[in-house]
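A.B. asks: For the sequence shown, full-length UniProt numbering begins at 1 and goes up steadily by one. I'd like to ask you about the structure that follows.
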Amino acid sequence: MVRIALDPTPYHSTHEFLDFFDVAAANGYQWIQLTPHPDFIPFFAHPRVDKAYVAAVRDRSASTGVGITSLLPVQRISWPDEPQRDAAVRNFKRIIQIAVDLEVPVINTEFSGRPERAEESEAGFYRSMEELVPILEREGVTLNIDPHPDDFVEDGLAAWQIIRGLDSAAVGFVYVGSHTFHYGDRATSLIPALRDRIGAVYAADTFDHNRSHGLRYITNPPGNAVRVHQHLRIGAGDVDWDEIFTALGSSGFLAREDAIICSNVFAEDETADETSAYQLETLTALVNKYR
């Protein structure tokens, strides 16, 4: 059965880290994805937890009945400069150990390289994976990667080809709905190509920045190297969710017991509870319709 998880980012300013489990339960979720946070695993930094804090996370998960589907760290594992890449690998080794201690076999992340230095970033990614893949395989942890906008690879198919080049079942793909148009708007061809290597889907809507001849968003001066996308509630943007879920159903993803769908709406913090409940209801309906 598909596990629908909450990304608790909208609650960072109003709740303590351990209270995210209570928030998820209050909004009807049985699962949560633990995302970057100063009390846990910050962006681009070494984890801030010890054995006692890891035990506290496990206890809160158990007491609320909210399981942890996955960890979502963001580290510079594809950075073109060696000091930052080396630190990211060191941080990631600790993150893998935390996942093992929490009995969470899935880590979702991003490439975290630079588009203006794509060749160096890709080389850095493969160097990092030379160290990390053997650990992932040994520990039974799966790492799924999202080609995030403003990364060294943004097109979904090109990203899958890079992941496939690792030749390891321990590394898969995260399909992020709000990155659809940066991926190349290719859900109907990309999802079938990923087959069982799509490990997680993030559900948030966005507007198609390519519309109106690329002038839907105007930055000054024109030609700025910026990436624009949103994380809106489903139905508030241009993503074709029927198309995505048809592909997910046809590929078998929606019938997998290890499938993860994560609600990650970031743009509506003022209605976080209402939005979280809406997302759960909408995702449940989509899963039931297309499974």
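Yeah, the Cβ is synthetic: ideal placement off N, Cα and C, and Gly gets one too.
Where does T271 fall in DSSP's three states?
C.D. replies: Helix at T271.
A.B. asks: Using beta-carbon positions only, say whether H37 and F21 come within less than 9 Å of one another.
C.D. replies: Not closer than 9 Å, so no.
A.B. asks: Could you give the C-beta distance for V141 and I107, rounded to a whole number, given that I count them as a contact under 8 Å?
C.D. replies: Right, the Cβ-Cβ distance comes to about 6 Å (below 8 Å), so this counts as a contact.
A.B. asks: What does E110 pair with, by DSSP beta-bridge criteria?
C.D. replies: DSSP lists D146 as partners of E110.
A.B. asks: So is V228 buried or exposed if we call it buried at 16+ other beta carbons inside 10 Å?
C.D. replies: Its Cβ having fewer than 16 others within 10 Å, V228 is exposed.
A.B. asks: Are the Cβ atoms of I77 and F43 separated by less than 9 Å?
C.D. replies: Not closer than 9 Å, so no.
A.B. asks: Quick one: what's got a C-beta closer than 8 Å to S284's C-beta in the same chain, skipping five residues either side?
C.D. replies: First, the amino acid is wrong: residue 284 is Thr here, not Ser. Counting only Cβ-Cβ distances below 8 Å, and skipping sequence neighbours, we find I4.
A.B. asks: For E137, which residues of its own chain have a beta-carbon under 7 Å away from its beta-carbon, when the five flanking residues on both sides are left out?
C.D. replies: Result list for E137: S168, A170, in chain order.
A.B. asks: In angstroms, rounded to a whole number, what distance separates the CA positions of G156 and E274?
C.D. replies: If you take the alpha carbons of G156 and E274, they lie about 31 Å apart.
A.B. asks: Pick from E139, H213, V100, Y217: whose alpha carbon is nearest that of K51?
C.D. replies: Looking at the Cα atoms, V100 is the closest of the given residues.
A.B. asks: For I32, is the beta carbon positioned less than 8 Å from some heavy atom of the ligand FMN?
C.D. replies: Although the ligand FMN was asked about, the structure shown includes no ligands whatsoever.
A.B. asks: Determine the direct distance from the alpha carbon of D238 to that of N220, and round the result to whole angstroms.
C.D. replies: The straight-line gap from Cα to Cα measures roughly 24 Å.
A.B. asks: Buried or exposed: which applies to Q161, given that a residue is buried once 16 or more other Cβ atoms fall within 10 Å of its Cβ?
C.D. replies: Burial call: exposed.
A.B. asks: Nearest to R211 by alpha carbon, out of D258, A255, F181?
C.D. replies: Among D258, A255, F181, the Cα nearest to that of R211 belongs to F181.
A.B. asks: Name the one or two DSSP bridge partners that D205 has.
C.D. replies: According to DSSP, which records beta bridges pairwise, D205 is partnered with L232.
A.B. asks: Taking only three categories from DSSP, how would you classify Y175?
C.D. replies: Three-state DSSP puts Y175 in a strand.
A.B. asks: Can you tell me whether P80 is buried or exposed, with buried defined as 16 or more other CB within 10 angstroms of its CB?
C.D. replies: Buried is the call here.
A.B. asks: Note down, one range per segment and in chain order, each alpha helix (DSSP H) of at least 4 residues found wholly within the stretch 56-102.
C.D. replies: Taking only runs of at least 4 residues, the alpha helix (DSSP H) segments lying wholly in the stretch 56-102 are 82-101.
A.B. asks: Classify residue 299 as helix, strand or coil using the three-state DSSP reduction.
C.D. replies: Not covered by the structure: residue 299. The range shown for the chain is 1 to 291.
A.B. asks: According to DSSP, is G252 helix, strand or coil?
C.D. replies: In the structure shown, G252 sits in coil (DSSP, three-state: anything other than H, G, I, E or B).
A.B. asks: With distances taken from CA atoms, which of S121, P47, V23, P83 is nearest F92?
C.D. replies: Closest option to F92, Cα to Cα, is P47.
A.B. asks: So the candidates are A118, H231, H179; which of them puts its Cα closest to the Cα of A272?
C.D. replies: Ranking the options by Cα distance to A272, first place goes to H231.
A.B. asks: Do we get a CB-CB distance below 9 Å when we pair V265 with the residues of chain B?
C.D. replies: The structure shown has no chain B; it contains just one protein chain.
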